[in-house]
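Working notes for the structure below.
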Amino acid sequence: MPEPEPEEVSKADILLVDDKPENLRLLSTMLEEQGYEIREAINGTLALKSAQADPPDLILLDINMPGLNGYEVCQRLKADQTTNHVPVIFVSAQDEAWDKVKAFSVGGVDYITKPFKVMEVLARIETHLRLGKLQKRLYETQNQLRLEVQKRQNLEAALDQARKEISLLKQQ
């Protein structure tokens, strides 16, 4: 199966969630220069509303925020059927193993520590967007195969019924 073209990935819609405007500005500028569509949320509540109203292709999520922290936001996103498929990459100054383990345990797909390196952030984003597209294709293929199997089963049942009716007609 071919990988998505780079142009497909660069058109992705990314939701940035951070309570610090300077972090949002830095990430937004960096990602917009790469062709990504960027949405911003300054807290967890706004992030949830934005993601639920129109699920993005990927979320970059800070951990330490007032109100809902990043872990809580991620848990709620993963519990919601409209957003549970969206990959969440945590971005945090916290570099302890426990923080990273917790991020993965609540549904995060990756963890980037601040200060971050631009090339690393871009590589991780592109990797997870590519994975997301491949997972979507796999899901669509599985659904198509299920439909084909159901169709075949229905045809086999109809064929069996027709054979029974023919057999009864021959007996008369």
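Every letter in the sequence shown is one number past the one before it in the numbering used here, and letter 146, counting from 1, is 135. Where is the CB? At the ideal position from N, CA and C, for every residue including glycine.
Three-state secondary structure (DSSP) of I48: I48: strand per DSSP, three-state reduction.
Three-state secondary structure assigned by DSSP to A30: DSSP places A30 in strand when its eight states are reduced to three.
Coarse secondary structure for F79, derived from DSSP in three states: Correct three-state label for F79: strand.
DSSP bridge partner residues for L5 (one or two, in chain order): According to DSSP, L5 bridges with E29, L49.
Cβ-Cβ distance between D69 and Q41 below 8 Å: Going by beta carbons, D69 and Q41 fall inside the 8 Å limit.
Helix, strand or coil at E145 according to DSSP, with G and I counted as helix: Residue state for E145 is assigned as helix, using DSSP reduced to three classes.
Alpha-carbon to alpha-carbon, L4 and E137: If you take the alpha carbons of E137 and L4, they lie about 36 Å apart.
Nearest-angstrom Cα separation, counted from L158 out to N76: This sequence places Pro at residue 76; Asn is not what is there. About 60 Å.
Reference D46; option with closest CA among P104, L13, A1: Checked all of P104, L13, A1; the closest Cα to D46 is A1.
Which residues DSSP lists as bridging T102, in chain order: Residue pairing by DSSP places T102 opposite S81 in a beta bridge.
Spatial distance of I78 from K91 (CA atoms): Going by the C-alpha atoms only, they are around 13 Å apart.
Cutoff 8 Å; reference G97; Cβ partners in own chain excluding five residues on either side: Around G97: L50, C63, V77, I78, F79.
I114 classed as buried or exposed, judged by whether at least 16 other C-beta atoms fall within 10 angstroms: The residue in question, I114, is buried, as its Cβ has 16 or more Cβ neighbours within 10 Å.
Rounded straight-line distance, which links the Cα of N73 to that of N58: Distance between the alpha carbons of N58 and N73: 18 Å.
Candidates T102, E26, V95, T71: closest to E85 by CA position: For the residues T102, E26, V95, T71, the minimum Cα distance to E85 belongs to T102.
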